[in-house]
Structure formats: C-alpha cells, structure tokens
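Note that the UniProt record's numbering has the sequence shown beginning at 1, numbered continuously upward.
Below is one structure, written out as structure tokens; the observations come after it.
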Amino acid sequence: MAYLVAVDSGHGMETAGKRTPKLTQDLVINGQTVRRAGDEIHEKEWNKAVAEALMSALNRCGIDTVNVSPDTYDVALSTRVATANNAGADIYISEHYNAAKGVWWDGGYFVAFYSQYASEATKRLAAAVCAEQAKVVPWPSNGYVTDVSYGQGKLYVLRHTTMPAVLFETGFMDVWESATRMLDPAFVQEVAEAQCRGICNYFGVGYVAPDGSATAPAPEPEPKPEPELPPTIRKGSSGAWVKKLQELLLSLGYVLPRYGADGDYGDETYYSVRLFQEVNGLVVDGICGPKTWAALQNGGKGPTWPTLHKGDRGEFVRYMQYRLNYHRVAVDIDGIFGAKTQAGVILFQKAHCSMVDGIPGAETWGLLKGC
1 MAYLVAVDSG HGMETAGKRT PKLTQDLVIN GQTVRRAGDE IHEKEWNKAV AEALMSALNR
61 CGIDTVNVSP DTYDVALSTR VATANNAGAD IYISEHYNAA KGVWWDGGYF VAFYSQYASE
121 ATKRLAAAVC AEQAKVVPWP SNGYVTDVSY GQGKLYVLRH TTMPAVLFET GFMDVWESAT
181 RMLDPAFVQE VAEAQCRGIC NYFGVGYVAP DGSATAPAPE PEPKPEPELP PTIRKGSSGA
241 WVKKLQELLL SLGYVLPRYG ADGDYGDETY YSVRLFQEVN GLVVDGICGP KTWAALQNGG
301 KGPTWPTLHK GDRGEFVRYM QYRLNYHRVA VDIDGIFGAK TQAGVILFQK AHCSMVDGIP
361 GAETWGLLKG C
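Listed below in structure tokens is the structure:
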C-alpha cells in the first residue's frame with residue numbers, strides 16, 4: 001500500500017512579518033553572495049524549499065505526496081486543510097521557521113507542535129520525525145509539544161485535519177545562526193532527508209537515500225511523557241514555579257532587591273511581572289499565565305528605565321510608586337504621575353539623591369531599585 005503525505009509550506013512570500021530582520025552583512029553560501037546587507041529572507045523561501053525537498057525524498061521512498069500550498073502566495077488555512085482531507089492523506093506535515101522578537105537576538109531552538117487534543121498516532125509521528133531532525137539541526141531541540149504550550153494559541157491546520165498532523169519550526173528567523181541557514185541548499189536537504197527518515201520509520205517502510213542505498217526502518221521511539229506546563233501563578237502563589245519566574249525576571253534585568261528568587265509571589269514579584277508585561281506588549285494584570293510564560297521563556301525584553309515627568313502614566317510610574325512606598329514614602333500606586341507622586345519623589349530625593357528636581361532619572365531609579 002502506498003502512503004500519502006500532505007505537505008504544507010506555510011505562509012506566503014508577502015505575508016506580513018514572516019521574514020528575517022534586515023541582514024547586517026552580506027550572506028555568502030558556497031562562495032556565492034545570496035543576499036546583501038540590508039536585504040531580508042522570507043520564511044516562505046525556507047518553507048517551500050524544504051517542503052519540495054521532502055516531497056522528492058518521500059517519492060523516492062515510494063511514498064506519495066500532495067502539496068497543499070504549492071504557490072508562493074498565502075493559501076488559506078481552510079483550503080490547505082480541505083485539500084489534505086479530501087485527498088485522504090495519511091499524515092500532514094507543515095513546514096515553518098519561527099521568530100520571537102523581530103530584531104536580532106541570541107538563542108532559539110527547534111520545536112514541533114501537535115494539537116492539544118492529538119491522537120497517540122500523532123504523538124508517535126512527532127516523536128519519530130523529531131528524533132531524526134534533532135540529529136541534523138545544530139541548535140537545541142525542544143522536541144514536540146502541544147500547540148498551546150508556549151502561549152501562541154491553537155493552530156488551525158493541526159485542529160481541522162482528519163489525520164495525524166505536525167507543524168515544524170526548524171529555527172528562528174531573527175537568530176543569525178539559524179536565519180543564515182534558511183537559504184543553504186545543503187541544510188535544506190539535510191532537514192528534508194531527516195524528516196523523510198522519520199516518516200519512513202513511522203510508516204514502517206525502508207528509507208531510500210539519494211544515492212539509492214536502502215535502510216530498513218528503525219524502531220519508532222517511544223513518545224515522551226507530556227511535558228509539565230508552567231501553571232498560571234499570581235500574587236500569593238509559592239513554590240518552584242514562582243522561583244523559576246523570579247529567576248527569569250532577574251535574568252532579563254528586572255529587580256527583586258529585597259527577596260530575590262525566594263519562591264514567594266509577593267508585591268516585589270507582582271509589580272515586576274506587571275512591568276514585564278508592559279514592556280513586552282502583553283495584557284498587564286500581574287498574573288503569570290501562558291502568554292507571559294511564553295514571552296519569558298522565548299527571549300522577552302528587559303526594562304529600560306525611563307526618565308519620568310509629571311503627567312506620565314503607565315507601569316513604570318506604577319513601579320516607581322511601589323518603590324517609593326517600599327522606601328517609606330507614601331504615595332498612591334495608581335500609575336499616574338500627579339502632584340502627590342511628584343512630592344513623594346522630591347521627598348525621596350532630598351533624603352537620598354544629589355539632585356532634587358522631582359524628576360526620576362538614572363540616579364533616582366538606581367536608588368529606588370535598591371534596598
């Protein structure tokens with residue numbers, strides 16, 4: 001029996017945001033300049049190349065394929081799913097390249113997603129392919145997780161397909177090390193062949209290498225236990241997850257001067273979480289839920305302490321007010337820099353600072369953040 005694999009090359013060339021930051025230098029591969037400094041690489045360039053290489057490899061192994069997004073434009077998610085479902089595909093593979101910040105940063109990893117409600121067959125597919133792909137990807141592998149694990153929400157193609165479906169994020173477009181591999185034909189082929197080997201192992205068919213040599217299918221790896229997902233924690237919580245939250249905040253430059261990473265979610269942690277949420281464009285509620293965890297674990301931004309003035313509003317004002325109260329200067333903690341807050345700043349500066357002007361700048365912030 002011939003198996004049928006639906007292959008999805010994700011997004012379109014012009015889909016908003018699906019590209020690298022502007023390259024900071026020329027990109028040279030095999031002695032050829034393939035992009036100039038200031039250019040971008042579109043995610044579709046990777047997705048389409050690896051999808052086509054995967055289909056070619058699968059066909060070589062006697063496995064049929066259907067391309068559910070063959071063009072360079074963004075094929076509707078419903079169309080991709082309908083094509084796979086109507087074709088009676090046995091599995092669905094979606095190719096992608098991740099992004100976290102939209103500017104260059106250091107980090108990143110390989111990860112695969114499957115539906116939160118996935119079958120055991122889907123988990124076996126994810127395990128089989130990830131086991132092979134992790135061998136050829138030169139950065140850390142986070143393995144395979146549910147589509148809600150990192151707070152990014154439910155993924156349509158994983159929820160509406162009628163066969164086991166896995167979405168692969170091979171690297172990060174905004175991490176130089178992995179972005180510069182997106183146009184490397186050798187890396188494209190390595191990943192495609194690794195995925196093909198994993199799919200062959202899943203189906204229990206022999207893998208045929210590009211040189212024609214055949215390999216018997218390897219035993220399928222046992223699916224790993226479901227990862228323990230970070231819980232939603234809030235003021236009053238305590239324990240190891242709170243300590244993990246505090247350690248992540250400290251690593252990004254937020255301050256917990258009195259208690260540090262002590263595992264107790266008190267005011268010090270609460271106001272730092274609010275500040276983190278503000279800086280990273282999240283809903284500000286002081287509760288560390290899935291989206292806050294995802295931002296913390298995926299290169300969230302640290303604070304840049306601004307000079308504040310009367311009339312300013314927001315979480316930096318609120319945090320300043322909290323720190324004033326900590327230093328026994330009583331002001332309302334409402335996020336509004338009004339006359340009473342300014343009077344409190346002046347009172348604090350008179351006691352601690354060389355400059356008394358009612359404007360919290362670098363010196364005032366430095367002292368406010370301390371014990």
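No residue lacks a Cβ here, since even glycine has one placed at the ideal position from N, Cα and C.
If you're wondering where the values come from, they're calculated on a predicted model, not measured in any experiment.
Practice item. Could you say which of A179, K101, N30 lies nearest to G300 if we only look at CA atoms? Key: The candidate whose alpha carbon is nearest that of G300 is K101.
Review point. Do E95 and T170 have their C-beta atoms closer together than 9 Å?
Key: Yes, the pair counts as a contact, with Cβ atoms nearer than the cut-off.
Review point. Under the three-state reduction of DSSP, which class applies to H352: helix, strand or coil?
Key: It is helical.
Review point. When you compare only the Cα positions, how much space is there between H309 and S354?
Key: Their backbone Cα atoms lie some 18 Å apart in a straight line.
Point to revise | Which of helix, strand or coil DSSP assigns to A37 | key: In the structure shown, A37 sits in coil (DSSP, three-state: anything other than H, G, I, E or B).
Point to revise | Among P230, E278, M55, the one whose alpha carbon lies nearest that of P210 | key: Considering only alpha carbons, the answer is M55.
Practice item. For V75, count neighbouring Cβ atoms within 10 angstroms of its own Cβ and tell me buried if that reaches 16, exposed if not. Key: With 16 or more other Cβ atoms within 10 Å, it is buried.
Exercise for review: Go ahead and pull the three-state DSSP assignment for I336.
Suggested key: Three-state DSSP puts I336 in a strand.
Exercise for review: Taking all protein chains shown into account, decide if E363 is buried (16 or more other Cβ within 10 angstroms of its Cβ) or exposed.
Suggested key: That one is exposed.
Check your understanding: Looking at the structure shown, is R258 part of a helix, part of a strand, or coil, going by DSSP?
Key -> Residue state, collapsed to three classes: coil.
Check your understanding: For R318, which three-state DSSP category applies?
Key -> If DSSP states are grouped into helix, strand and coil, R318 belongs with the helices.
**Study point:** Expected contact under 8 Å - CB spacing of residue 375 and V5 to nearest Å
**Key:** With the chain running from 1 to 371 in the structure shown, residue 375 is simply not present.
Exercise for review: Just tell me which of G266, S119, E177, V191 has its CA closest to the CA of Y326.
Suggested key: Of G266, S119, E177, V191, the residue nearest in Cα terms is G266.
Check your understanding: With DSSP run on the structure shown, which of helix, strand or coil describes C196?
Key -> Helix at C196.
Check your understanding: Among residues of its own chain, excluding the 5 on either side of L23, which ones have a beta-carbon nearer than 6 Å to its beta-carbon?
Key -> So the qualifying residues of the chain are R35, A37, D39.
Review point. Is DSSP giving C288 helix, strand or coil here?
Key: Reduced to three states, the DSSP call for C288 is strand.
Review point. At least one CB of chain B closer than 9 Å to the CB of H96: is that the case?
Key: Reference to chain B is not applicable here, since this structure consists of a single protein chain.
Check your understanding: From D71 to V242, what distance separates their C-alpha atoms?
Key -> Distance between the alpha carbons of D71 and V242 is about 46 Å.
Review point. So, using beta-carbon positions, are L296 and L252 closer together than 9 Å?
Key: L252 sits close to L296, with the two beta carbons spaced by under 9 Å.
**Study point:** Residue range of the unbroken beta strand (DSSP E) whose run includes V66
**Key:** Annotation for V66: the continuous beta strand (DSSP E) segment containing it runs 64-67.
Practice item. State buried or exposed for C371, treating a residue as buried only when at least 16 other CB atoms are found within 10 Å of its CB. Key: Exposed, by the Cβ-count rule.
Point to revise | Entirely enclosed beta strand (DSSP E) segments - the UniProt domain "MurNAc-LAA" (81-200), minimum 3 residues | key: Entirely contained in the UniProt domain "MurNAc-LAA" (81-200), the beta strand (DSSP E) runs reaching 3 residues are, in chain order, 91-98, 110-114, 141-146, 165-172.
Review point. Grouping DSSP H, G and I as helix and E and B as strand, with all else coil, what is A330?
Key: Coil at A330, not helix or strand.
**Study point:** Whole-angstrom distance between L183 and G286, CA atom to CA atom
**Key:** In this structure, the CA atom of G286 is about 41 Å from the CA atom of L183.
Review point. Of the residues W176, D357, R60, A343, which one's Cα is nearest the Cα of A192?
Key: The shortest Cα separation from A192 among W176, D357, R60, A343 belongs to R60.
Exercise for review: Determine the DSSP secondary structure at D267, reduced to helix, strand or coil.
Suggested key: Correct three-state label for D267: helix.
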